[in-house]
Structures are given as C-alpha cells and as structure tokens.
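Just below is one structure, and these are the notes that go with it.
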Amino acid sequence: MLGTASADYLDVYSQNLYKVMSPTTNNLPEKISLNLGFIPLTDCAPLVIAKEKGFFHAEGLSVSLSRESSWANIRDKVAAGVLDGGHMLAPMPIAASLNLDGLNTPMLTALSLGLGGNAITVSHALHQQLLALDEQVADPYHSVQALKILISHNQRNGLPPLTFAHVFPFSCHNYLLRYWLASAGINPDKDVRLVVIPPPLMVSALASGQIDGFCVGEPWNSQAIAQGIGAAVTSTVDIWHNSPEKVLGVTCAWAEQHPNTHQALLRALLNSAQWLEHIDHRAEACAILTANQYVPVAIQDLRVFEHGEFQYSADKPALPAPDFNVFYRYAATFPWVSHAEWLISQMQRWGHIPTSINTQEVAAKVYRPDLYRQAAQALQLPTPSIDRKTEGSHDKAWHAASDSGDITMGRDGFFDQVNPELRRTDA
Amino acid sequence: MPKLNILLVDNDPGRSAIVKQALEDAGHNVIAKLNDDANLSKNVLALQPDIIIIDMDAPGRDTLEQMREINRDQARPIILFSAPNDQRFMQEAIRAGVSAYMLDGLNQTQIMPIVEVAIARFREFQALRKELDDTKSKLADRKIIEKAKGLIMARKGLDEDGAYQLLRTNAMSQNKRLIDVARILVSVEDLLG
C-alpha cells in the first residue's frame, strides 16, 4: 500500500474541463473501498493520478494502490479477490478468459490505460555490431534487417543464439517483439532465445550480459540508455503505430457484482487520462510518480513521458516522439475489440492457443466497449460508434465517427506494411 | 509412492530454512533451496523439480509463467492455485505470501499436503515477524518516552512519576497518544536544544 493521498480534489471540482458526475441514488457504488494493483511503469500513471489528483475521490471511491512485483501476482490477486482489479497487460484478460493460466477465472476490460510506451533496447556491444551493418538502426526496419544479417552470420560461425527478454508470456511486448523479428525472417522460437525478466530487473540483466536486448515499457529503456548500458533500436509504436498496451482488468464476476463501482472507476480513469493528455501536466505527474515510490527511478528517466521526446542512445540527441505514450487522444482509452482480435491472432500465430478458437467471439467477451460507452457518455465524452477498426489500414491520421462529432484518430499501420516514408512516428 | 522433489525459492533465508525443515520433517524431499531468482529458468531446467514453492513477491514468478510456453515438449510448471479451484485456498496462500507451481500431469492430491505445509510455515513466519516488529517498535517507543520523561524532569524539576503524570495529562487533554506527545517533545528538544 502506497502513500497517503495528497488529494487535491477540490481542484477537480474547480476545473470545468473535467466533468465529474456524482453518483445518484440509483447508481451508488456497491463497494467504495477498493484495492488496485500496479507494476512500477510509466503507464501506471492513469491509476496513480486518479488517486493523487482526487479523481477516484470525486467518484466517491477510496482506492488503495498496491505495487506488485510480478504480473502473475496481479493476476492471482485479482482472480482471488484480494485485489479488485489492476493494471494489466492487454493480453492478460484474454489469457484468463481462455483459461491459459489455469485459474478458471474469466476477466474483462472496459478501458485501455493508453497506447504505446515500450521500446526495444539492445546492449552496447550488440548496438555496435548493428551499427557496423547499418548506420540507421534507430528504426524498426533498418534495425531488424541488420539483426537478420548478424544472426545469419553468427549461425554460420556456430555462435550461440542471441537472447532477448520481454516481460510476460501474454504481453504486447512478446507479440510485438515476435512480429518485428519475424518481419525479417528471424524465427523467434529458433533463431533467438526469448526469456522473461521482470521490468525492474531488465537493466541489470542487460548490464551483466545475461541478455542481449529487451522489449520493455518505460522508464526502463531510458534508464539503460542514460546509463550507457544499451541503445534503443525502435519503439514499439514505430512497429505498430498507436498499438494497444495496458488495460484496466477485472474479473467478469467482479464486474457483474459491482456494476456501479465499475462505472465509477471507469469515469475516474477517463478523467485521469484526460488530465494526463496535457503535456504541461506531465512535470507534475513525474513528480507524483517518483514520490512515494510509485515508480522508483530518477525523475530524468521519465523524460519521454514528460517531454514527448525519446533518446535512442546516450551519444545522440533526443528525438521528438509525441506518440510514445498516448493516454487519451486518438480514443486511446477505448477498448477496441479489433485490438483484442489482433492479439488473439498473434497467440494463434505462435502456437500459444489453437487456431480453432473463435477470435471474434472471445474478443467480444473480453473487450467491452458497451461498458466504456456507458461511462464516457455519463461524462459527455465522445465515443467511437464502431467497436472494431481495420487495424493496420490507416497510414495517416483519420477520423472515427462518434455520437457527437468525429474523433481524430492516430495512424495504426505496421512498420513493414506502410510506405517507408511514413514509417517513423515523427515523420 | 516415489518421493516428490521440491524446489524452494525464497530470498528470506530465515523463512526458507524453517519451511525446508518442516517439509523434510513431513517426509518430503527438498532438492534445492534458492535464495534468489535471477537464474530461475536455468535452475528449474537443471534440477527438474516436481513442485516449486516460491515466495509470492519474487519477481521471478513471471519467468516461471513463461516456462509453460518454452517447454511445450517437456513437462512444464503450472500454477498450483488452479488445482483446488477454490478461492478460499487461493486467498489463504496469497495472504501467507506463497505461491506454488507443479509439473503438468502430476496428481494434485499428492501435492496438496506439501503446499499446505508450506502455507502454514509461511503464515507462522509472518506472524513471528510481525511479533518481532511490534516488539521492536514497543522498545523504541519506550526509549522515546524515557527520554521525554528525562527532559521534563530536568526542565520542571519533577521526579520520574511526576514527569510521567504530566506527559499523560498532556496527551489526554490533546486527545493524543502518549508516545506521540513524547515524540514531539523529543524532536522539539533536538531542534532547539
């Protein structure tokens, strides 16, 4: 349990920008005191800000945030009812609903906690080898092509395979890392070794040579880069623009028993995401995240989050990366059923689940735009009229129809399918 | 019935020694005790345990989760909470701070007694630690109260009993705990003295 709320909730009322709906007698929360779990990562910010800036309080909720040491812990505690819900990797509620974890506890999500936020960082030694092959390795296409050449060379010379780490079997990190490798003909199950390492231990594993690279959320890439241990070869939003990342996960049983509390939670997080969307709030958010040990790092490691610029290596200036973390714009909080469908298709692609599973049916059970719309409409926020978009079909910004005017959407192309001129996020 | 091989992973050496002893006393076979989970997957592959008892707060749990994916052709560790499919059992384990994995294909009923021993010892250890923490903080509190009494005695020329009474009356009138008033007094003295 972390910190006491320095909740300045009057602030919330005083700003018309954030519309707050007080529960009426008909929709009083069934439960007021909640425990939510999180992992120390930049994208736990919507939960932390909702607590510290009083958005939970404004909804009549008293929320304790519990910093957890593993995704497995969050899953188990949510399944057992020790936690009411938590910061989860987008594929986790899907895996739970397919009983891949064996807990027989289906889960759902009605809200995404944002888009993007991860990067692939390689060791200094591997970076030097890649640079020797291609000077432009801070780009997903160039870096993976160079990596393919290097791996083929290593294989011819009988060298051991390179080891890459990600954070959990059912994670966007795993599936985007695999997607990136496979795009150049690298077989992620044969040509490299994939291992799982918890985010806070990634940097030391890279420093000790235990791994050659990793795909992890911020601030852990920035920390490795700032310490000169490694350099980034791509962000995950450069692999798949505005890709899904974390969600608010709860069990289906909990959502059924606490429909009003769930709605209150969603409203609070929608207000928190809007607050975080303003880049001029980020300095304060950084101070809040690092105080009370929510994310126990030096404040300068949160640079990409604070300024929207990402430094790929210590000897290069930071580049603009405005879409590295997206919290609200582009309908970032909306639980796109097509996100779930893509993740399920990747689980099938890599043999993690049988191809016989009905993708659409499972996705629609786990991702719940209907619950999202109820919360967003109560706050008079526009919501997309569609549940699915054709992922990968938008190379440029586009507009999604909503109940109240169009919503500006970011692009959602995959790096290996779009026009090379448009590949970079900052292009 | 052949004995099952248990791997114990816990960074608290005091606790893991107690758990290991208890498991061995109950006739089980602890093949290894790891104090850190840095090379967990390597160790699991090398030791081939039938069951892994792990501190719930070990970050290496996510590494074990992945072994299900990589060991598709071999027996792989699966989380044991799934076995009884009983939320109460799961909550009990979580509150004690222990988690367990068993090899896919093993008989659950064989494994339950082992996990129960582990849960019981983890819980006992937790209770002991709490008691120790409480005792420590009581001792620390007593020292502060003694110091505050000393200050009052020196300033007000009171005897020990009189100093204590003054402290007590003051705490009661302010609706505060004795220790809190003593703490304020000592910190003010540190600041001004």
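Protein chains in written order, with the working numbering: chain A, 1 to 427; chain B, 1 to 193.
Just so it is clear, CB atoms sit at the ideal spot from N, CA and C, and this is done for glycine as well.
Exercise for review: Measure from the C-beta of B/S99 to each C-beta in chain A and report whether the shortest distance is under 8 Å.
Suggested key: Judged by the 8 Å Cβ criterion, B/S99 is in contact with chain A.
Check your understanding: Considering only the beta carbon of each residue, do A/A375 and A/A331 sit closer than 8 Å?
Key -> Their beta carbons are not under 8 Å apart, which means A/A375 does not touch A/A331 by this criterion.
Check your understanding: Among A/V48, A/P219, A/V297, which one has its Cα closest to the Cα of A/H87?
Key -> That would be A/V48, whose Cα lies nearest to the Cα of A/H87.
Review point. DSSP beta-bridge partners for A/V216?
Key: Looking at the DSSP assignment, A/V216 forms a beta bridge with A/A119.
Check your understanding: Opposite A/G230 in the DSSP bridges: which residues?
Key -> The partner list for A/G230 (beta bridge, DSSP) reads A/S123.
Check your understanding: So, using beta-carbon positions, are A/P169 and B/R95 closer together than 8 Å?
Key -> Cβ distance not < 8 Å, so A/P169 and B/R95 don't count as in contact.
Point to revise | A/N99 to B/K138 span [Cα, whole Å] | key: If I take the Cα positions, the gap works out to 47 Å.
Review point. Can a CB atom of chain A be found closer than 8 Å to the CB of B/P59?
Key: Yes - at least one Cβ of chain A is within 8 Å of the one on B/P59.
Review point. Distance, Cα to Cα, A/G141 vs A/Q417?
Key: Residue identity check: residue 141 of chain A is Tyr in the sequence provided, not Gly. Roughly 10 Å between the two C-alpha positions.
Check your understanding: Which same chain residues, not among the five before or five after A/P161, have their C-beta less than 6 Å away from its C-beta?
Key -> These residues qualify, in order along the chain: V192, R193.
Practice item. Ignore the nearest five residues each way along the sequence and tell me which others in B/K20's own chain have a CB closer than 7 Å to its CB. Key: Closer than 7 Å at Cβ, skipping near neighbours: L8, V30, K33.
Check your understanding: Under a Cβ-count criterion, where at least 16 other Cβ atoms within 10 Å of its own Cβ denotes burial, should A/S152 be classed as buried or exposed?
Key -> Looking at its Cβ environment, which holds fewer than 16 other Cβ atoms inside 10 Å, A/S152 is exposed.
Check your understanding: What do you get for B/A83, buried or exposed, if any count of 16 or more other CB atoms within 10 angstroms of its CB means buried?
Key -> With a pLDDT of 49 at B/A83, under the threshold of 50, the predicted position of this residue should be treated as unreliable, though the coordinate-derived value follows. When all chains shown are included, B/A83 counts as buried.
Review point. Applying a beta-carbon distance threshold of less than 9 Å, which residues of chain A neighbour B/T135?
Key: Within 9 Å Cβ-Cβ: nothing; B/T135 doesn't reach chain A, min ~23 Å.
Review point. Can you find a C-beta in chain B that's less than 8 Å from the C-beta of A/G116?
Key: Not one chain B Cβ lies under 8 Å of A/G116.
Practice item. Note down, one range per segment and in chain order, each alpha helix (DSSP H) of at least 4 residues found wholly within the segment 158-192 of chain B. Key: Scanning the segment 158-192 of chain B for uninterrupted alpha helix (DSSP H) segments of 4 residues or longer gives 160-173, 178-192, listed from N- to C-terminal end.
**Study point:** Meets three-Cβ-pair contact criterion under 8 Å: the segment 124-132 of chain B and the segment 145-155 of chain B
**Key:** Of all C-beta pairs linking the segment 124-132 of chain B to the segment 145-155 of chain B, fewer than three are shorter than 8 Å, placing the two stretches out of contact.
Check your understanding: Where do the ends of the beta strand (DSSP E) carrying A/H87 lie?
Key -> Element bounds for A/H87: 85-89.
Check your understanding: So which residues of chain B does A/W71 contact, with C-beta pairs closer than 9 Å?
Key -> Around A/W71, the beta-carbon contacts reaching into chain B at under 9 Å are R61, D62, E65.
Point to revise | Length of the line joining the Cα atoms of A/T109 and A/H281 | key: Those two C-alpha atoms are separated by around 27 Å.
**Study point:** Straight-line gap, A/I288 to A/E306 (C-alpha atoms, nearest Å)
**Key:** The alpha-carbon atoms of A/I288 and A/E306 are separated by roughly 12 Å.
Practice item. Can you give me the Cβ contacts of B/D141 inside the same chain, cut-off strictly under 7 Å, excluding the 5 residues immediately before and after it? Key: Result list for B/D141: I179, in chain order.
Point to revise | Bridge-paired residues (DSSP) for B/N43 | key: Paired residue(s): none; B/N43 is not in a bridge.
Review point. Are A/C215 and A/H278 closer than 8 Å when you measure CB to CB?
Key: For A/C215 and A/H278, no; Cβs fall outside 8 Å.
Review point. Mind checking if A/G81 is an interface residue toward chain B, Cβ cutoff 8 Å exclusive?
Key: Between A/G81 and chain B, the shortest Cβ-Cβ separation is below 8 Å.
Review point. According to DSSP, is A/T408 helix, strand or coil?
Key: Collapsing the DSSP output to three states places A/T408 in a strand.
Check your understanding: Taking DSSP as the reference, what is the three-state secondary structure of B/K33?
Key -> B/K33: strand per DSSP, three-state reduction.
Review point. When you compare only the Cα positions, how much space is there between B/H28 and B/D104?
Key: In a straight line, the C-alpha of B/H28 is about 19 Å away from that of B/D104.
Practice item. Please classify A/T261: is it buried, with 16 or more other beta-carbons within 10 angstroms of its beta-carbon, or exposed? Key: Residue environment: A/T261 is assigned as buried (16 or more neighbouring CB atoms within 10 Å of its CB, all protein chains considered).
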